[in-house]
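Numbering (our numbering), first residue to last: 29 to 462.
The beta carbon of each residue, even a glycine, is placed where N, CA and C say it ideally should be.
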């Protein structure tokens, strides 16, 4: 069975509990432990090592890591205790202790679909997510083994324009990280439903494929009613199965929100969409406890004073725009997401893109999405307020998790859900591709 290495935690001191018997350097050990840095080596139990490997001695053995940081740089960032099956590896990285979990792919997936969503999700939704999470994983491994580009940031920059988009930069010392940068992976902590195990087992080895290759199956929390095409968020490449369409059972009906008029009509109007849902029972299938702290994801409003906006953008961009006069969309994707935004201030005028960079500049963490329209109003004391009215949560490319939950509630099976969000892709066994 194929295994992968998942980077969980990087800290000066890592506290961990061995729940059951583990073997390390020929010695059986269990209970509470901690590891620190000793130069370029890990110090544990009074000795230093290049690398510590704790191997479970029994199927029930697992380990718990303390103070694991999740949601790094997002508005839900926090620390948790998390427990994991498989091996625990400890070594020094950048002067700190790195904790890595070596785990079988299928066991990894049972955690991912419980971490990306709620473990109490419906079976068909869990099966759909098992397939796309497995597909994404194998697509990244295939790209890496083929010697693909390992750069993380692309684009260009000049005095008037800064355009950036972000790939998943490869981790040098492990395959994937455990946070939103790759896929959420929170061990066995979230696996509380036997349907999770069933979903992974009943889709075992199944992936999405297109023209003989595993699909790079992107997904986000909420598309806002229209999915976005790949090229609006990343490189200018047309990927047929990552297209833009209405998130309804009439997906073939055209709707293009790339003009300012259409974007405003879409964002401010009332439209049918799978992900337009307020039913807490449905939302609880997708949103973990900290995700449910965000309850205005389908349509949302953010307001900044001119001074707040100027300070925020300077902090995030490193550019002193002075007083902000205008935020003007220059280019939008088909979902209404802004691809290029012109920011005009008293000291500078710069166009920024693509969607994630816009979200970074306009929020202390990340703006929910770049699908927004801009209004201004003036208070009674003459202060200018910028009002951003937006749609969706995330880049909107590929599967919309909340929309998929609604489809499942309405009786769609997992293959129909995948066919909706990845048009033209086929369900295949990974063994028939690799």
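Same chain only: Cβ atoms within 7 Å of residue i, ignoring 5 sequence neighbours per side
i           : result
residue 137 : 158, 161, 162 and 228
residue 74  : none
Within 7 Å, strictly: CB atoms of residue i and residue j
i           : j           : result
residue 398 : residue 365 : yes
residue 328 : residue 253 : no
residue 215 : residue 139 : yes
residue 381 : residue 368 : yes
residue 333 : residue 301 : no
residue 167 : residue 242 : yes
residue 93  : residue 44  : yes
residue 231 : residue 155 : yes
residue 343 : residue 388 : no
residue 424 : residue 248 : yes
residue 57  : residue 132 : no
residue 250 : residue 420 : yes
residue 51  : residue 85  : yes
residue 153 : residue 453 : no
residue 125 : residue 108 : no
residue 437 : residue 235 : no
residue 458 : residue 233 : yes
residue 449 : residue 422 : no
residue 91  : residue 46  : yes
residue 401 : residue 295 : yes
Exposure of residue i, with buried meaning 16 or more beta-carbon neighbours within 10 Å
i           : result
residue 149 : buried
residue 35  : buried
residue 319 : Bear in mind that a pLDDT of 49 at residue 319, under 50, signals an unreliable position, so the number given afterwards is only what the model happens to contain. The residue is buried, with at least 16 neighbouring Cβ atoms inside 10 Å.
residue 435 : buried
residue 201 : exposed
residue 61  : buried
residue 281 : exposed
residue 212 : buried
residue 180 : exposed
residue 256 : buried
residue 184 : exposed
residue 53  : exposed
residue 409 : exposed
residue 278 : exposed
residue 264 : exposed
residue 272 : buried
residue 405 : exposed
Other residues of its chain near residue i: CB distance less than 6 Å, five sequence neighbours each side excluded
i           : result
residue 415 : 331 and 403
residue 377 : none
residue 370 : 356, 358 and 379
residue 352 : 334, 337, 338 and 373
residue 40  : 124
residue 206 : 34, 36 and 213
residue 384 : 194
Beta bridge counterpart(s) of residue i as assigned by DSSP
i           : result
residue 201 : Residue 201 pairs with nothing; no bridge assigned.
residue 183 : 192
residue 248 : 428
residue 403 : 415
residue 409 : The partner list for residue 409 (beta bridge, DSSP) is empty, contrary to what the question assumes.
residue 330 : 416
residue 77  : 70
residue 135 : Beta-bridge pairing links residue 135 to no other residue.
residue 170 : In the DSSP output, where bridge partners are listed per residue, residue 170 has none listed.
residue 234 : 457
residue 368 : 359
residue 155 : In DSSP, residue 155 forms no bridge with anything.
residue 117 : 81 and 128
residue 33  : 130
residue 38  : 126
Own chain, CB closer than 8 Å to residue i, minus 5 neighbours either side, in chain order
i           : result
residue 444 : 435
residue 465 : Residue 465 cannot be examined here, being either before or after the span of the chain that is shown, 29 to 462.
residue 268 : 238, 451 and 452
residue 119 : 70, 78, 79, 80, 125, 126, 128 and 201
Chain B contact for residue i (CB, 7 Å cutoff)
i           : result
residue 257 : Absent from the structure: chain B. Only one protein chain is present.
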